[in-house]
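Report on the structure given below.
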Amino acid sequence: MLKESTLRYIYSLKKYLYTWSELQHHNKTEDLFIVVRGSVYDVTKFQHEHPGGPELLLDQGGGDVTELFEDAGHSEEARSILKKLKIGVVEGKANDTQEISSRENIGGLAGFGSRRHTIPAFLFIVLGLLFHYYYQNPNKMLPAWRELVLAQN
Numbered sequence: 001m002l003k004e005s006t007l008r009y010i011y012s013l014k015k016y017l018y019t020w021s022e023l024q025h026h027n028k029t030e031d032l033f034i035v036v037r038g039s040v041y042d043v044t045k046f047q048h049e050h051p052g053g054p055e056l057l058l059d060q061g062g063g064d065v066t067e068l069f070e071d072a073g074h075s076e077e078a079r080s081i082l083k084k085l086k087i088g089v090v091e092g093k094a095n096d097t098q099e100i101s102s103r104e105n106i107g108g109l110a111g112f113g114s115r116r117h118t119i120p121a122f123l124f125i126v127l128g129l130l131f132h133y134y135y136q137n138p139n140k141m142l143p144a145w146r147e148l149v150l151a152q153n
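According to the UniProt record's numbering, the sequence shown is numbered sequentially starting from 1.
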């Protein structure tokens, strides 16, 4: 149960304390809530702007999507949007109501797992290794590869 001071703070922010049974009813297109880290968000108006589409949010409506949200590697912009949609907290989750303004900074690598940067970084490394190998061993490369590289220069 939440402390009385915590409840006063929540009500002073015009936020609401929800129970899980209440949240289960907010899973429709016209009334859609999700829970992330114990905080309740009304994503009704945002669902059609979601990059994954409204179906993704509807499938999880009224439920806890903390793990899915974190695993997706959401950007700071996405976290900022979510923060604006906060309407309350879930009863009994006092320890999990911290804001999600940024990922945990583990070893200074906050946000390093972003998919937006993973593929370009991987391609950069592969191309670097190929060019390194080519210039170290030009006679071992396939003639077609050499012709392709020389044609680009």
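Where is the CB? At the ideal position from N, CA and C, for every residue including glycine.
Please name the residue or residues paired with residue i in a DSSP beta bridge.
i     : result
Leu23 : Answer is none; Leu23 lacks a bridge partner.
Leu17 : Val89
Looking at residue i: is its Cβ nearer than 8 Å to the Cβ of residue j?
i     : j     : result
Gly88 : Val43 : no
Gly62 : Leu23 : yes
Val90 : Val35 : yes
Leu32 : His25 : no
His48 : Leu56 : no
Taking only the alpha-carbon atoms, compute the straight-line gap between residue i and residue j and give it to the nearest angstrom.
i      : j      : result
Glu77  : Gly38  : 20 Å
Ile125 : Phe131 : 10 Å
Ile100 : Ala151 : Residue confidence for Ile100 is low, a pLDDT of 43 falling below 50, so the modelled location carries little weight; the figure read from the coordinates is stated next. Using only the alpha carbons, I get a separation of about 50 Å.
Arg79  : Thr66  : 12 Å
Leu123 : Tyr133 : 15 Å
Gln60  : Gly128 : 42 Å
Thr29  : Ser75  : 25 Å
Glu147 : Pro120 : 25 Å
Residue i lies in the beta strand (DSSP E); which residues open and close that run?
i     : result
Lys86 : Lys86 to Val90
Phe69 : Here Phe69 belongs to no beta strand (DSSP E); instead the alpha helix (DSSP H) covers Thr66 to Asp71.
Val36 : Asp31 to Val36
Ser75 : Where Ser75 is concerned, there is no enclosing beta strand (DSSP E), given that its DSSP letter is neither H nor E.
Val40 : Ser39 to Asp42
Hey, could you find the ends of the alpha helix (DSSP H) residue i is sitting in?
i     : result
Pro51 : First-last for Pro51: undefined, no H or E at that position.
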